[in-house]
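So the protein sequences, as listed, match chains A and B. Whatever position you read off the first sequence (first residue = 1), add 1153 for my numbering. Whatever position you read off the second sequence (first residue = 1), add 1153 for my numbering. Below is one structure, written out as C-alpha cells, with a few remarks after it.
Protein chains: 2
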Amino acid sequence: MSRVHNFNAGPASLPLSALELARDELVDFEGTGMSILEHSHRGKDYDRVHNEAIGLVRELMGVPSDYHVLFLQGGASQQFAVVPMNLLPPGKSADYVLTGGWSEKAYAEAQLVGRARVAATTGIEENGSTLYRRIPKQGELQLDPEAAYVHMTSNNTLFGTQWHWLPETKAPLVADMSSDIMWKPVDVSKFALIYAGAQKNIGPSGLVLLIARPDVVANGRRDIPKIFRYATHAKENSLYNTPPTFSIYLVRNVLRWVKEHGGLAGMEKRNRDKGALLYGAIDEKPDFFRAPVEKESRSFMNVVFRLPSVELEERFVAEAKKAGLVGLKGHRSTGGIRASTYNAVGLESVQALVSFMREFARKA
Amino acid sequence: MSRVHNFNAGPASLPLSALELARDELVDFEGTGMSILEHSHRGKDYDRVHNEAIGLVRELMGVPSDYHVLFLQGGASQQFAVVPMNLLPPGKSADYVLTGGWSEKAYAEAQLVGRARVAATTGIEENGSTLYRRIPKQGELQLDPEAAYVHMTSNNTLFGTQWHWLPETKAPLVADMSSDIMWKPVDVSKFALIYAGAQKNIGPSGLVLLIARPDVVANGRRDIPKIFRYATHAKENSLYNTPPTFSIYLVRNVLRWVKEHGGLAGMEKRNRDKGALLYGAIDEKPDFFRAPVEKESRSFMNVVFRLPSVELEERFVAEAKKAGLVGLKGHRSTGGIRASTYNAVGLESVQALVSFMREFARKA
Chain A
1154 MSRVHNFNAG PASLPLSALE LARDELVDFE GTGMSILEHS HRGKDYDRVH
1204 NEAIGLVREL MGVPSDYHVL FLQGGASQQF AVVPMNLLPP GKSADYVLTG
1254 GWSEKAYAEA QLVGRARVAA TTGIEENGST LYRRIPKQGE LQLDPEAAYV
1304 HMTSNNTLFG TQWHWLPETK APLVADMSSD IMWKPVDVSK FALIYAGAQK
1354 NIGPSGLVLL IARPDVVANG RRDIPKIFRY ATHAKENSLY NTPPTFSIYL
1404 VRNVLRWVKE HGGLAGMEKR NRDKGALLYG AIDEKPDFFR APVEKESRSF
1454 MNVVFRLPSV ELEERFVAEA KKAGLVGLKG HRSTGGIRAS TYNAVGLESV
1504 QALVSFMREF ARKA
Chain B
1154 MSRVHNFNAG PASLPLSALE LARDELVDFE GTGMSILEHS HRGKDYDRVH
1204 NEAIGLVREL MGVPSDYHVL FLQGGASQQF AVVPMNLLPP GKSADYVLTG
1254 GWSEKAYAEA QLVGRARVAA TTGIEENGST LYRRIPKQGE LQLDPEAAYV
1304 HMTSNNTLFG TQWHWLPETK APLVADMSSD IMWKPVDVSK FALIYAGAQK
1354 NIGPSGLVLL IARPDVVANG RRDIPKIFRY ATHAKENSLY NTPPTFSIYL
1404 VRNVLRWVKE HGGLAGMEKR NRDKGALLYG AIDEKPDFFR APVEKESRSF
1454 MNVVFRLPSV ELEERFVAEA KKAGLVGLKG HRSTGGIRAS TYNAVGLESV
1504 QALVSFMREF ARKA
C-alpha cells in the first residue's frame, strides 16, 4: 500500500496512526466483541472514548475550566444559523467581518434569523465576483458596541487568507475556526464562542466542535427548538441525542496523535516549517508562481497560487497527480492551485510538492 | 476475535461484511492511496459511493422515481424540529399521533415551531409516568382534515411497539422510521415524508435518511435558514455542505449486504423468523416472562419483557452478558429487559438468547 501526498481542502489528510488504530480495532473494539460503531452511546466503553476526546480538546487548547466543550452535528454551515438562533435576540444586531465565502454564508444565514450587519469586508469586485486577498486591520472594523456578538472566520479555505492577530471587540467574539482549529496555540479565553467542522484539522466530516463561554450557553435563547439550544447539549455532555460516535472516536485518535507530536506548539512548528518551505518556493519565482494573497494575510493551512496560464494550471494539477500529489486543484469559484497543508500533512509531502513545483517551473 | 451477540438498541449491530470491508480499505480506499475518510466530497471516488448509497435506497425501498432521497445530519431528533420548520406554515396546524417517548419529543419540538395537536395517544399514566403498550386503531385517530401533515413514529424502541398497518389520512403522512426503516417492504408512495436516523437498521449514528415527495420539498417554507430547507439539499444531491462521508459509505456497505440477503423481502423473512422465535419463548412461560405490549402491536425490532422481580432482571442482564449476550438492559425510563433485533442481528443470536432464557427460567 502506498499512501499519496494528500492536499485535499477537506475532508483532508488524517494522521496515519489515527487511521491504523481505527482499522485494527474496527471489527472488535478493545476486546469487547463489537465495533466502536456498534457500541451504545450510553455504555461505559463509548463513554470513555467520548470523555477522552473532550478531555484532549480541553488539554491541548487550554480551554478555561468553566467553558463548555461540545460535539455537535450538521457541520459549520449549520452553525451559521444556530449561532444567531442562540445568541441573537430580537431587537439586537450582530456584526460580521467578511473575509471570504464562508463568512459571506454565515452572514447570509444570520440575516434569515435576525438583524446582522457588516462590520468590515475586504472583498473586492472583479469580473462579477467578490475576491478576498487579505484580512482587515483593527482600524477598518466598524464595530457596533451594542452588537450581540462579532463573527469572524479565522481562516479562509477558498482564498487562502488567515487572521494572524485577534480583533479587539466590546461585544462577544465568535469565531468559525473550521479550517485552522488547533493549528497553533490560541488564547481561548478571548473568545465567547468557537466552532469548527472537524473535517480539516481534527477528524472526519459530520462533526462540529464547539467551545463556549458559560454565559453564552446560559443566556442563549429559549424560544428555539430544544435540539438547537446549546444549553441542551451542554447539560447532557453532548449526549442529549445519539452523537456521531465513530467521528468522535476518530477525533480522539487524531488528538492523541497531536498530543504525541508536541501538542499545539508542536503543530505550530510543523505548520510554520511547511509554510516557510512552500511560500519560499512560490516567492523564489514570482513571475511563474503568482500568490494573490497579501503577505501578512497568508494562510498556513491553504496555500493558493496561480501559474501564468489556465492551461499550465491544468497541466500542473494533472502531472502532480501522476506524481502522487493529489488535491491541488483550486476551489471551483477561484480557480488556480491550492495546497491544503493541515496539521496531518507532513513536511515530507510539502517537500515533495516543492520539488515538483521547481521541476515544473524549470520545464515550462 | 470473537464477536458477541449484540442486542443494543442503537447504535446497534452492523453486518460483519460491512465492517470488514470498511476495515480492509480503511487506510487505502480502492487503491487511491488514501482513506475514504480523507477523500474530498467533491471528488469522483467519493461521488461514486454517495450515488451508490442513494441508488441502493431507491432500489431496495422501491422509492418512486420523482421522490427525493436525502442524507442529512443531526439525527432524527433534529428532524423533530426541521419537519415543522419546513412543512408547518403559520396559520396551519399539524397532527401528532403519540405512541411513545420519541413521538412525544417530536410533538414537543413542533409546538416550539408552530401549532401542533394530538390526533391520538395510547399513553396511560402509571406511577407518575406515561407508558405506551399499543398502537392506536384507525377509529381512534381524531384527524384534522386541514392539518399540514400527520406525524407518526413507525416503531417505538422504548416500549417495543410497532405499527402493523398504515393510517388513512387526508393530510400528508410523515413518518419517523428511525428504528424500523427497511425492516420489510413498505409502500413509500403512501408517505409524503419518511425520515430515519441510520444507527439502528442501516448504518452508524450521525446520519439521517430522508425520503420526500417532490411537492413537500418544493412547497417547503423559504423563510427559514437555508441549511434547514429540504429544497437546499435536494437541489445539491445532499452535497450542499460537506456530508458525513464515512457514515454514507458505511450505509452503502450495509445496503449491499441487505441486497445480497434478499432485499427487504429477505429482511422481513429474517425479522419475522427472529420475532416468532423470541416472542414464542416469552409466551411459552407467561408467568415468568411478562410481555407488556398488546400482541398486535408487538415490535419485531425491540422485544421488551419483564421478569418476576427487578432483582431477577438484573441477574438476567448480568449473566447474559457473561454468556456473550449484550445490550439487554431495558431503557432507563422503562426498566425490564429489551432485546433489539434489528436487521443485522442474526437468527443465531436470537437462538442463543432463547436458549439462555429457557435455562434462566428453569433455574430461577
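Every residue gets a Cβ at the ideal spot worked out from N, C-alpha and C, and that includes glycine.
query                                                                                                                                                                    : result
Between A:I1490, A:F1381, A:K1388 and A:I1401, which has its C-alpha nearest B:M1238's C-alpha?                                                                          : A:F1381
Going by beta carbon distance, what residues of the same chain come within less than 7 Å of B:L1392, once the five residues before and after it are set aside?           : H1194
Output the boundary residues of the beta strand (DSSP E) element that contains A:G1350.                                                                                  : L1346 to G1350
For a minimum of 3 consecutive residues, which ranges assigned as the beta strand (DSSP E) are wholly contained in the stretch 1215-1262 of chain A?                     : 1221-1225 and 1246-1251
Please list, in chain order, the chain B residues whose beta carbon lies closer than 8 Å to that of A:R1156.                                                             : V1180, D1181, G1186 and M1187
Counting only Cβ pairs nearer than 8 Å, list the residues of chain A close to B:P1396.                                                                                   : S1358 and G1359
Against chain B, does A:L1241 count as a neighbour if the rule is that its beta carbon must be under 8 Å from one of theirs?                                             : no
On the three-state DSSP scale, how would you describe A:R1443?                                                                                                           : strand
Is the CB-CB distance between A:R1451 and A:G1313 below 8 Å?                                                                                                             : yes
How about B:A1234: is its C-beta nearer than 8 Å to some C-beta of chain A?                                                                                              : yes
What residues of chain A sit near B:K1379, judged by a beta carbon separation below 9 Å?                                                                                 : S1230, F1233, A1234, K1258, A1261, E1262 and L1265
Could one say the Cβ of A:H1192 lies closer than 8 Å to chain B's Cβ atoms, at least one of them?                                                                        : yes
Take B:G1488 as the anchor and find which of B:A1234, B:S1282, B:T1274 and B:D1177 has the nearest alpha-carbon.                                                         : B:S1282
Can you tell me whether A:D1329 is helix, strand or coil according to DSSP?                                                                                              : strand
Within the stretch 1432-1493 of chain A, note down every full alpha helix (DSSP H) run reaching 4 residues or more, in order along the chain.                            : 1463-1475
Any Cβ of chain A within less than 8 Å of the Cβ of B:E1173?                                                                                                             : yes
Smallest Cα separation from A:A1247: which of A:A1259, A:V1157, A:R1211 and A:V1210?                                                                                     : A:A1259
From B:E1520 to B:A1497, what does the alpha carbon distance come to, in whole angstroms?                                                                                : As shown, chain B starts at 1154 and ends at 1517. That puts residue 1520 of chain B outside it, with no answer to give.
Any beta carbon of chain A sitting closer than 8 Å to that of B:P1168?                                                                                                   : no
For B:N1372, tell me which candidate among B:D1340, B:D1177 and B:T1385 has the shortest Cα-Cα distance.                                                                 : B:T1385
Using a Cβ-Cβ cutoff of 8 Å, what residues of the stretch 1394-1427 of chain B are near chain A? List them in chain order.                                               : N1394, T1395, P1396, P1397, T1398, F1399, S1400 and L1403
By a C-beta neighbour count over all protein chains shown, 10 Å radius and 16 as the cutoff for buried, is B:V1210 buried or exposed?                                    : buried
Measure from the alpha carbon of A:Y1285 to the alpha carbon of each residue in A:E1447, A:R1511, A:M1510 and A:R1468, then state which is nearest.                      : A:E1447
What residues are listed by DSSP as bridge partners for B:M1305?                                                                                                         : B:A1328
Among B:I1435, B:L1346 and B:R1405, whose alpha-carbon lies nearest the alpha-carbon of B:H1203?                                                                         : B:R1405
Can you give the Cα-Cα distance for B:A1473 and B:A1434, rounded to whole angstroms?                                                                                     : 16 Å
What residue range is occupied by the uninterrupted alpha helix (DSSP H) comprising B:S1193?                                                                             : Counting along the chain, B:S1193 falls outside any alpha helix (DSSP H), and DSSP gives it neither H nor E.
With DSSP run on the structure shown, which of helix, strand or coil describes B:R1270?                                                                                  : strand
Which residue spans inside the stretch 1331-1397 of chain A form an unbroken beta strand (DSSP E) run of at least 3?                                                     : 1346-1350 and 1361-1365
Pull the bridge partners of A:E1279 from the DSSP assignment, please.                                                                                                    : A:S1282
Decide yes or no for the touch test of the stretch 1499-1511 of chain A against the stretch 1178-1187 of chain A: beta carbon pairs closer than 8 Å, at least 3 of them. : no
Excluding five sequence neighbours on each side, which residues of the same chain lie with their C-beta closer than 7 Å to the C-beta of A:I1334?                        : A1349, N1354, I1355 and L1362
Mark A:P1298 as exposed unless 16 or more other C-beta atoms lie within 10 angstroms of its C-beta, in which case mark it buried.                                        : exposed
Roughly how far, in whole angstroms, is the beta-carbon of A:I1490 from the beta-carbon of A:V1457, given that I think they are within contact range, below 8 Å?         : 7 Å
Look up B:N1204 in the DSSP assignment and say whether it is helix, strand or coil.                                                                                      : helix
Any heavy atom of the ligand ADP inside 7 Å of the beta-carbon of A:G1196?                                                                                               : No copy of the ligand ADP occurs in the structure displayed, which carries no ligand at all.
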